[in-house]
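Chains A and B, in that order, are what the protein sequence lines are. According to this note's numbering, the first sequence holds residues 21 to 128 in order. According to this note's numbering, the second sequence holds residues 21 to 128 in order. Note that beta-carbon positions come from the ideal geometry of N, C-alpha and C, so glycine has one too.
2 protein chains.
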Amino acid sequence: MDRELLKGSTPLLLLSLLCEGPMYGYQIIETVRQRTGGTYTLKEGALYPALHKLEATEFISSYWETQENGRERRYYAIQPAGEAFLTAKKKEWNQFVDMVQAFVGPRA
Amino acid sequence: MDRELLKGSTPLLLLSLLCEGPMYGYQIIETVRQRTGGTYTLKEGALYPALHKLEATEFISSYWETQENGRERRYYAIQPAGEAFLTAKKKEWNQFVDMVQAFVGPRA
DNA sequence: TTGACGGCCATCGTTTTGCGAGGCACATTG
DNA sequence: CAATGTGCCTCGCAAAACGATGGCCGTCAA
Numbered sequence: 021m022d023r024e025l026l027k028g029s030t031p032l033l034l035l036s037l038l039c040e041g042p043m044y045g046y047q048i049i050e051t052v053r054q055r056t057g058g059t060y061t062l063k064e065g066a067l068y069p070a071l072h073k074l075e076a077t078e079f080i081s082s083y084w085e086t087q088e089n090g091r092e093r094r095y096y097a098i099q100p101a102g103e104a105f106l107t108a109k110k111k112e113w114n115q116f117v118d119m120v121q122a123f124v125g126p127r128a
Numbered sequence: 021m022d023r024e025l026l027k028g029s030t031p032l033l034l035l036s037l038l039c040e041g042p043m044y045g046y047q048i049i050e051t052v053r054q055r056t057g058g059t060y061t062l063k064e065g066a067l068y069p070a071l072h073k074l075e076a077t078e079f080i081s082s083y084w085e086t087q088e089n090g091r092e093r094r095y096y097a098i099q100p101a102g103e104a105f106l107t108a109k110k111k112e113w114n115q116f117v118d119m120v121q122a123f124v125g126p127r128a
């Protein structure tokens, strides 16, 4: 998968995922990897900066949770503002796909 | 339209357009602007570097043509290698859309 | 005739984003 | 005990698009 295409779609993916419930970083990576059958492996160098940025703009929030074994995990949860933003992003995404489709032609 | 989404899709657009026949820079910009109803204005700073890069890899070729009024235009035309590349890119594009769709959910 | 406008080419520096590599810490398993 | 897996993160780099800018030349109205 060409990485260039991915640019800009990460926040969309993240917000969509978090819409299903809070998740922690490692879990996000694994979930994406599994759901795409391994074709897309979200990298940590892309994930954490994106997550932190989303948090800085208050689209998501985070909190630490201690597991039974004593280890900590940082969970990220979507905020109301994030849901609103997601809605707008989805619309943008659809427009974008339509636009490209208009030039490339319908799916083969 | 969020510019970040566009990243990586420019070569795909360009190649698709040139598949319809040779075009010159200004014409490409105008065509894109008109076909998208103005929502997407391809910028020169994005177009020319992309065009030159496509030419450097021999996916397209270029030639100058003199108009009746004496002015010159630089036309770009797709090459066989470019068509092959376009086919591959299209497939990648479809995979990409499917993937995002899988997370974002089907179109509203 | 001069000046604004539009056609037409292009580059430059900045910003944004993802990537690869690396680092640190602790738990479980062999 | 060592290796592997879980789990967090940062840093420097490369690629791409952006906005600004520049230049050249016709044309058409003032």
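**Prompt:** At least one CB of chain A closer than 8 Å to the CB of S29(B): is that the case?
**Reply:** In the second sequence, the residue the question calls residue 29(B) occupies position 9. Taking Cβ atoms only, chain A reaches closer than 8 Å to S29(B), which makes this a yes.
**Request:** Might you give, ordered along the chain, the residues of its own chain that have their beta carbon closer than 6 Å to the beta carbon of L35(B), omitting 5 neighbours on each side?
**Result:** In the second sequence, the residue the question calls residue 35(B) occupies position 15. If we look at L35(B) and ignore the five residues flanking it on each side, its Cβ neighbours are G102, L106.
**Request:** Output the distance between the C-alpha atoms of G65(A) and Y46(A), rounded to the nearest integer angstrom.
**Result:** Start at 1 with the first residue of the first sequence, and residue 65(A) comes out as number 45. Start at 1 with the first residue of the first sequence, and residue 46(A) comes out as number 26. Roughly 12 Å separates the two Cα atoms.
**Asked** Fully enclosed by the stretch 42-67 of chain A, which alpha helix (DSSP H) runs are 4 residues long or longer?
**Response** 45-55
**Item:** chain A contact residues for T59(B), given Cβ-Cβ distances below 9 Å
**Value:** Residue 59(B) sits at position 39 when you count from the first residue of the second sequence. Per Cβ cutoff of 9 Å: Q115, M119.
**Prompt:** Excluding five sequence neighbours on each side, which residues of the same chain lie with their C-beta closer than 7 Å to the C-beta of Q81(B)?
**Reply:** Locating residue 81(B) in the second sequence gives position 61, counting from the first residue. Before going further, note that residue 81(B) is Ser rather than Gln in the sequence given. Once the five neighbours on either side are set aside, the close Cβ partners of S81(B) are E75, A97, Q99.
**Request:** Decide yes or no for the touch test of the stretch 83-91 of chain B against the stretch 47-65 of chain B: beta carbon pairs closer than 8 Å, at least 3 of them.
**Result:** no
**Asked** Which first and last residues belong to the beta strand (DSSP E) in which R93(B) is found?
**Response** Reading the second sequence from its first residue, position 73 is the one you call residue 93(B). Element bounds for R93(B): 92-98.
**Asked** For the beta strand (DSSP E) that contains T86(A), what are its first and last residues?
**Response** Residue numbering aside, residue 86(A) sits at position 66 when the first sequence is read from its first letter. Segment 80-86, the beta strand (DSSP E) holding T86(A).
**Within 8 Å of chain B by C-beta, residues of the stretch 31-43 of chain A in sequence order** = Here the close residues are L32, L33, S36, L37.
**Asked** Do you know offhand how far G57(A)'s Cα is from T51(B)'s?
**Response** For the purposes of this step, residue 57(A) is taken as residue 37 along the first sequence, with counting starting at 1. For the purposes of this step, residue 51(B) is taken as residue 31 along the second sequence, with counting starting at 1. Distance between the alpha carbons of G57(A) and T51(B) is about 38 Å.
**Where R23(A) falls: helix, strand or coil (DSSP)** = Translated into positions along the first sequence, residue 23(A) becomes position 3. It is helical.
**Message:** On the DSSP letters alone, give me the boundaries of the alpha helix (DSSP H) that T30(A) sits inside.
**Reply:** Position 10 of the first sequence, counted from the first residue, corresponds to residue 30(A). T30(A) -> alpha helix (DSSP H) spans 30-38.
**Prompt:** Given a threshold of 16 other Cβ atoms within 10 Å of its Cβ, counted over all protein chains shown, does I111(A) qualify as buried or as exposed?
**Reply:** Taking the first sequence and counting its residues from 1, one reaches residue 111(A) at position 91. The sequence as given places Lys at residue 111(A); Ile does not occur at that position. Exposed: under 16 other Cβ atoms inside 10 Å.
**Request:** Below 7 Å between beta carbons is the criterion; list the residues of the stretch 97-110 of chain A that meet it against any residue of chain B, in chain order.
**Result:** Going along the stretch 97-110 of chain A in chain order, one finds K110 with a Cβ nearer than 7 Å to chain B.
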